[in-house]
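Engineer:
Residue numbers (the working numbering): 1113 to 1602.
1. Alpha carbon to alpha carbon, how far is residue 1361 from residue 1353?
2. Thinking just about the alpha-carbon of each residue, which of 1312, 1508, 1557 is nearest to the one in residue 1229?
3. Decide yes or no for the touch test of the segment 1576-1583 against the segment 1408-1421: beta carbon pairs closer than 8 Å, at least 3 of them.
4. For residue 1224 and residue 1578, what's the separation of their Cα atoms in angstroms?
5. Select from 1381, 1218, 1265, 1235 the residue whose C-alpha is nearest the C-alpha of residue 1200.
6. Apart from the five residues on each side of it in sequence, which residues of its chain come closer than 8 Å, Cβ to Cβ, to residue 1294?
7. Compute the Euclidean distance between the alpha carbons of residue 1424 and residue 1544, then round it to the nearest angstrom.
8. Would you check if the distance between the CB atom of residue 1418 and the CB atom of residue 1552 is smaller than 7 Å?
9. If we count the other Cβ atoms within 10 Å of its Cβ and call it buried at 16 or more, is residue 1385 buried or exposed?
10. With a threshold of 16 other CB atoms inside 10 Å of the CB of residue 1319, please say whether the residue is buried or exposed.
11. Determine the closest residue to residue 1310 out of 1356, 1282, 1380, 1239, with distance taken between C-alpha atoms.
12. Would you please state the rounded distance, in angstroms, between the beta carbons of residue 1548 and residue 1446? I believe it to be under 8 Å.
13. Between residue 1207 and the rest of its own chain, which residues show a CB-CB distance below 7 Å, the 5 nearest in sequence each way excluded?
14. Which value, in whole angstroms, describes the spacing of the CA atoms of residue 1323 and residue 1285?
15. Which residues does DSSP pair with residue 1389 in a beta bridge?
16. Let me know if residue 1333 comes out buried or exposed under the rule of 16 or more other beta-carbons within 10 Å of its beta-carbon.
17. May I ask which residues mark the beginning and end of the alpha helix (DSSP H) holding residue 1260?
18. Rounded to a whole number of angstroms, what is the C-alpha to C-alpha distance between residue 1571 and residue 1328?
19. Where do the ends of the alpha helix (DSSP H) carrying residue 1420 lie?
20. Helix or strand or just coil, what does DSSP make of residue 1321?
21. Residue 1235: buried (16+ other C-beta within 10 angstroms of its C-beta) or exposed?
22. Tell me, to the nearest whole angstrom, how far the beta carbon of residue 1441 is from that of residue 1562; I am working on the premise that it is less than 8 Å.
23. Alpha carbon to alpha carbon, how far is residue 1203 from residue 1144? Give it in angstroms, no decimals.
24. With DSSP run on the structure shown, which of helix, strand or coil describes residue 1285?
25. Specify, as a first and last residue, the run of the beta strand (DSSP E) that residue 1142 falls within.
26. Would you kindly work out how many angstroms separate the C-alpha atoms of residue 1436 and residue 1542, rounded to a whole number?
27. Going straight from the alpha carbon of residue 1174 to that of residue 1167, what length do you get?
28. Taking the straight line between their C-alpha atoms, what separation do you get for residue 1116 and residue 1316?
29. Distance, Cα to Cα, residue 1433 vs residue 1546?
30. Span of the beta strand (DSSP E) holding residue 1578?
31. Measure from the alpha carbon of residue 1209 to the alpha carbon of each residue in 1261, 1350, 1283, then state which is nearest.
32. Please go through the same chain and pick out, in chain order, the residues whose beta-carbon is closer than 8 Å to the beta-carbon of residue 1275, but skip the five residues on each side of it.
33. What residue does the beta strand (DSSP E) around residue 1228 start on, and which one ends it?
34. Give me the Cα-Cα distance between residue 1404 and residue 1589, rounded to the nearest whole angstrom.
35. With which residues is residue 1197 paired in a DSSP beta bridge?
36. What does the alpha-carbon distance come out to for the pair residue 1454 and residue 1504?
Pasting the structure below:
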């Protein structure tokens, strides 16, 4: 069936054509004198395609279109190319026996995931090469020339079968080894769009197939894939059984370890002399080790990799000990929670007269005369004003993101107070690797001694983080949020 309809009035002059070919129909439409646009739609059988076409024709006639003698639907003419034998190092002949139904079909979850992971890497190296994936298109001729070129390639280690649609265009190229299909390049129509897909043997669902790479590099990328594919498959067919056995063994070990994690940690820490505390969540073990009177290290050990990583705990603690013997400025290493936004300087009080009028005088300056109070407040004002300027300035040009906290509550002695901020009311927060934040701590009386050491201390911590076997935090035993450890009272 082929029909052509036209619509003409004072403002429009357009055509609409439809042709049924097998179980699909092709619609062309546009302004008279142009090639117009094309859409292809697939159906379950020819009768359904014909019925849908008749409905579309009837709809157009109701809108004022007039049927004329059907013009020939101009399909793209694609010439079959001369076969070309690709030159490359093929898979050795003795590897052919690896390709059996048992190895390639009905894959379990581990094997399907294994092949997907390895194929992702091969696709990045060949087809994609850092370029975007191709989007589907409505053009009937889309990818026709490229697929003709693919079909012309002869491969020494894979046999191919070329499938063509009713228009004579390549719709699929299927590659096999030892009688087993291992790869298909498919050009098919779905919802009126032309799709190009790369389908390895382990892909079952159409939407999980790989797209081709950028159109300008499509031929080169596909050639790179095809000349490596057989050797790639043979290599991993030889390795996958061992990988699966190791995976199964590791899973059993993890299962046993998860039931005895406290014993493993106890054995690890028994001879170290450290105080420690351990907290288990559904997925993670938090190990907290006291390395100084007011400092403890926090290390997170996920259950799934606990056995592989637990042996790195002591080397990590050793690296932290070296850091604590090198630093020049008191610091904590944690996260950004509670810090001002990067680039901000936050001051707790701007109106210092509030100290004299409220409970803050009793809380912070108990026993001071008015003269002593004024002197102390003046000292704090000067310190805060100075730090608000010099702390950000110290990191200009370094590239470090940072912010500053300047608080009023300040005491000279650590003992008897629950939070370290009571003694170090000024904090310079610096963004570090691993999404951590370094908190450099200053008081209002001796801060000038520390200013030259800001950048060197940051660099010391950064190097320690890079060299440590495990990621770590360095936190305060005086922190209110960690009071359950019981170390803040020591």
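Heads up, the beta-carbon is just placed ideally off N, CA and C, and yes, glycines get one too.
Structural biologist: If we stick to the structure as given:
1. 12 Å
2. 1312
3. yes
4. Those two C-alpha atoms are separated by around 35 Å.
5. Residue 1200 has its Cα closest to that of 1265, out of 1381, 1218, 1265, 1235.
6. 1211, 1216, 1270, 1287, 1288, 1312, 1313, 1341, 1342, 1345
7. The straight-line gap from Cα to Cα measures roughly 21 Å.
8. no
9. exposed
10. Burial check for residue 1319: the Cβ neighbour count within 10 Å stays below 16, so the residue is exposed.
11. The residue from 1356, 1282, 1380, 1239 with its alpha-carbon nearest to that of residue 1310 is 1239.
12. 7 Å
13. 1346
14. Residue 1323 and residue 1285 have their alpha carbons spaced roughly 15 Å apart.
15. 1400
16. buried
17. 1256-1264
18. 46 Å
19. 1418-1422
20. coil
21. buried
22. Confirmed, Cβ separation roughly 5 Å.
23. Spanning the two alpha carbons is a distance of roughly 55 Å.
24. strand
25. 1136-1143
26. C-alpha separation (whole angstroms): 18 Å.
27. 11 Å
28. 40 Å
29. A direct Cα-to-Cα measurement between residue 1433 and residue 1546 gives close to 20 Å.
30. Note, residue 1578: premise wrong, no beta strand (DSSP E); alpha helix (DSSP H) at 1566-1579.
31. For residue 1209, the closest of 1261, 1350, 1283 by C-alpha to C-alpha distance is 1350.
32. 1282, 1283, 1284, 1285, 1286
33. In the DSSP assignment, residue 1228 falls outside any beta strand (DSSP E) and lies within the alpha helix (DSSP H) extending over 1221-1235.
34. 9 Å
35. 1266
36. 11 Å
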